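Chemist: Take a look at the following structure, please.
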Amino acid sequence: MNAYNELYKTIEKLIKNTDISSYQINKDTGVSYGNINAMRRGERSIENLTIKNAEKLYNYQKSAEKL
12 MNAYNELYKT IEKLIKNTDI SSYQINKDTG VSYGNINAMR RGERSIENLT IKNAEKLYNY
72 QKSAEKL
């Protein structure tokens, strides 16, 4: 799997995880609540994230997997 696919799949896993609220992701990462909800509703795609926000969400999911 290349780096882009790894990044995309990891963020997608986080977005689809309903055990973690959009509010909690926002609070822990600083990524806007609106962006997180828009991705969850399918109104915004992961591909349109800034690199900075993609990195935050990727690292957040990876740290959650270690718990």
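Following this note's numbering, the numbering of the sequence shown begins with 12 at its first residue and continues without gaps. Note that beta-carbon positions come from the ideal geometry of N, C-alpha and C, so glycine has one too. None of these values were measured; they are calculated from a predicted model.
Whole angstroms is fine: what's the gap from serine 32's alpha carbon to isoleucine 26's?
Modeler: Rounded to whole angstroms, serine 32 to isoleucine 26 spans 9 Å at the Cα level.
Chemist: What are the complete alpha helix (DSSP H) segments, minimum 4 residues, inside the segment 35–75?
Modeler: 44–52
Chemist: For serine 56 and tyrosine 34, what's the separation of their Cα atoms in angstroms?
Modeler: 19 Å
Chemist: Considering Cα atoms alone, identify which of Leu78, Glu17, Glu23 and Lys77 is closest to alanine 49.
Modeler: The candidate whose alpha carbon is nearest that of alanine 49 is Glu23.
Chemist: For the alpha helix (DSSP H) containing asparagine 16, name the first residue and the last one.
Modeler: 14–27
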